[in-house]
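K.L.:
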Amino acid sequence: MAKWLVGADGGYSRVRRTVGDGRAPTFLGTFSWWGSATEAQLAAAGADWPLPLRGPRQPITRNATYMPPGNRLSTTGARNLLTFRTPPCEGPGAVDGDEGAGRDVALWYMESQSAAMAAEGVDPSPEGPILRHAAADGGAVALARALRMASHLPPDVRAFIAATPPQRVLEKALHSHPLDQQEHSSWTNGRGLVLVGDAVHASGRPDGQGGNLAFEDAACLAAHVRRHGLGQQAFDAFAAARRPRVTAIRGDCKPPFAVRKALVDGSMFEPLWGPQDLPSKAELEGELLPELGASQNAEEAGHGHSSAGTISEELKRKVLAWSLRRCWAIADRRTGGLMLAVPAAEQVVETEQKVQPEKQAMTASVRA
Numbered sequence: 013m014a015k016w017l018v019g020a021d022g023g024y025s026r027v028r029r030t031v032g033d034g035r036a037p038t039f040l041g042t043f044s045w046w047g048s049a050t051e052a053q054l055a056a057a058g059a060d061w062p063l064p065l066r067g068p069r070q071p072i073t074r075n076a077t078y079m080p081p082g083n084r085l086s087t088t089g090a091r092n093l094l095t096f097r098t099p100p101c102e103g104p105g106a107v108d109g110d111e112g113a114g115r116d117v118a119l120w121y122m123e124s125q126s127a128a129m130a131a132e133g134v135d136p137s138p139e140g141p142i143l144r145h146a147a148a149d150g151g152a153v154a155l156a157r158a159l160r161m162a163s164h165l166p167p168d169v170r171a172f173i174a175a176t177p178p179q180r181v182l183e184k185a186l187h188s189h190p191l192d193q194q195e196h197s198s199w200t201n202g203r204g205l206v207l208v209g210d211a212v213h214a215s216g217r218p219d220g221q222g223g224n225l226a227f228e229d230a231a232c233l234a235a236h237v238r239r240h241g242l243g244q245q246a247f248d249a250f251a252a253a254r255r256p257r258v259t260a261i262r263g264d265c266k267p268p269f270a271v272r273k274a275l276v277d278g279s280m281f282e283p284l285w286g287p288q289d290l291p292s293k294a295e296l297e298g299e300l301l302p303e304l305g306a307s308q309n310a311e312e313a314g315h316g317h318s319s320a321g322t323i324s325e326e327l328k329r330k331v332l333a334w335s336l337r338r339c340w341a342i343a344d345r346r347t348g349g350l351m352l353a354v355p356a357a358e359q360v361v362e363t364e365q366k367v368q369p370e371k372q373a374m375t376a377s378v379r380a
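Okay, here's the thing in structure tokens:
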């Protein structure tokens, strides 16, 4: 019924299979498992961290990789396991409720090729398009299969995996859209359909590039719609612009893994900001909330009715100005005082006013 359709429904895109070129992703012959547990859950199961991750708590995420002998320079071997020990998040949001609050979180990711699974007597045939043994059985089958494929690992590592609650284990058969199928007709059918993200270029590898490329797709498509209007001309321009970029990123195997791993291991990254940069509850209540509350009360009194659920332009301006001051202070501290003075609130409003016509033009284009 729609005149224009943007398919952003993932690697096994139903939009692509029914309205696009009809292609489904190809099974890569590899399965993957994800699992997570709290430190309390490890202890309850009588397990401990893998040996490389033991020791006092640290403010950084630590990891240990397990690969078969003779396969130390690649992560695409018959079996691979990545284990992580990550610090807890501040405040609510612990894994499985509050039982893990303030304690480290265990994460692991494992891959196995079909041939290695068959050798262990584990069924290597993909079941369904992408997910296998997920929520229906509570993850028990997925965990059992993962443990079968972890039989070659040290006892401490197997116990670490076995301590994972079954409901926090997911098994996935990896699928990909091959690079030799990256044709113009894969991106748009010429009749009002365009695909973005994994729907058109799923790599099957959980390396983060799928998310990166999807964000780029969204920004690039928006730019072409802004330039050409919403329609087939924008879709064709978008596909022409993105195909070389996606092919270059997904097909880039240089430098080899051994060189890249050494570079990554030798790098140190300082986060731009962290939880310690966020305002405390007392600071919020003392600096921002009273001012907003006073403005809100004044508006309600002036209009003679409640404005609950609405935010006035004056309140927006105050929140924006406060947010800018916070961000500016973080950047100033991180750059050693190289930032200039914080812009006045009037400049923030002026910048927002300059952006409004472009926002309105985009809205009108989309509605058209």
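By the count of our numbering, the sequence shown reaches residue 380 at its end, each step adding exactly one. In this text, a Cβ means the ideal position worked out from N, Cα and C, and glycines have one as well.
Give the range of the alpha helix (DSSP H) segment to which Gly223 is assigned.
P.N.:
Note, Gly223: alpha helix (DSSP H), Gln221 to His240.
K.L.:
Using 10 angstroms around the beta-carbon of Met122, count the other beta-carbons present and answer buried if the total reaches 16, otherwise exposed.
P.N.:
Buried.
K.L.:
For Leu462 and Glu325, what's the separation of their Cα atoms in angstroms?
P.N.:
In the structure displayed, the chain extends from 13 to 380; residue 462 sits before or after that span and is not available.
K.L.:
My output table needs one value for Ala158: the three-state DSSP class, helix, strand or coil.
P.N.:
In this structure, Ala158 counts as helix in the three-state DSSP scheme.
K.L.:
Using the Cα positions of Pro218 and Asn224, report the straight-line distance between them to the nearest angstrom.
P.N.:
Approximately 11 Å, taken between the alpha carbons.
K.L.:
Taking buried to mean at least 16 other C-beta atoms within 10 Å of its own C-beta, is Pro138 buried or exposed?
P.N.:
It is buried - the Cβ of Pro138 has at least 16 other Cβ atoms within 10 Å.
K.L.:
Considering only the beta carbon of each residue, do Leu155 and Val181 sit closer than 8 Å?
P.N.:
Their beta carbons are under 8 Å apart, which means Leu155 touches Val181 by this criterion.
K.L.:
Kindly give me the distance between the Cβ atoms of His187 and Gly23, rounded to whole angstroms, as I take these residues to be in contact under 8 Å.
P.N.:
Indeed, because the Cβ distance is near 6 Å, the residues count as touching under 8 Å.
K.L.:
Where does Lys330 fall in DSSP's three states?
P.N.:
DSSP places Lys330 in helix when its eight states are reduced to three.
K.L.:
With a CB to CB cut of under 6 Å and the five nearest residues on each side skipped, what residues in its chain are close to Asn92?
P.N.:
Once the five neighbours on either side are set aside, the close Cβ partners of Asn92 are Met79 and Glu123.
K.L.:
Give the straight-line distance between the Cα atoms of Ala59 and Leu332, rounded to the nearest whole angstrom.
P.N.:
Ala59 and Leu332: Cα-Cα distance of roughly 48 Å.
K.L.:
Measure the alpha-carbon distance for Trp45 versus Gly220 and round it to whole angstroms.
P.N.:
Going by the C-alpha atoms only, they are around 16 Å apart.
K.L.:
Taking all protein chains shown into account, do 16 or more other C-beta atoms lie within 10 angstroms of the C-beta of Thr77, making it buried, or fewer, making it exposed?
P.N.:
Exposed.
K.L.:
Between which residues of its own chain and Asp168 is the CB-CB distance below 6 Å, once the five residues before and five after are set aside?
P.N.:
Pro62 and Leu63, listed in sequence order.
K.L.:
Determine which residues share a DSSP beta bridge with Trp45 and list them.
P.N.:
Note: Trp45 sits in a beta bridge opposite Met122 and Glu183.
K.L.:
CB Ala249 to CB His240, shorter than 8 Å?
P.N.:
Result yes, Cβ atoms of Ala249 and His240 sit closer than 8 Å.
K.L.:
Sorted by chain position, which residues of the same chain lie with C-beta nearer than 8 Å to Lys15's C-beta, five sequence neighbours on each side aside?
P.N.:
The residues are Gly204.
K.L.:
If you follow the beta strand (DSSP E) that Val212 is in, where does it begin and where does it stop?
P.N.:
It is not in any beta strand (DSSP E) - Val212 instead sits in the alpha helix (DSSP H) that spans Asp210 to His213.
K.L.:
Of the choices Val212, Gly41, Leu40 and Leu290, whose alpha-carbon is the least far from that of Ser25?
P.N.:
Nearest option by C-alpha distance: Val212.
K.L.:
Would you mind giving the Cβ-Cβ distance between Arg160 and Val134, rounded to the nearest angstrom? I have them listed as a contact below 8 Å.
P.N.:
Yes, they are in contact, since the Cβ atoms of Arg160 and Val134 sit about 5 Å apart, within 8 Å.
K.L.:
Find out if the Cβ-Cβ distance for the pair Gly34, Gly19 is shorter than 8 Å.
P.N.:
No, the Cβ-Cβ distance between Gly34 and Gly19 is not below 8 Å.
K.L.:
Please name the residue, chosen from Ala174, Leu242 and Arg257, that lies closest to Leu191 on a Cα-to-Cα basis.
P.N.:
Nearest C-alpha to Leu191: Arg257.
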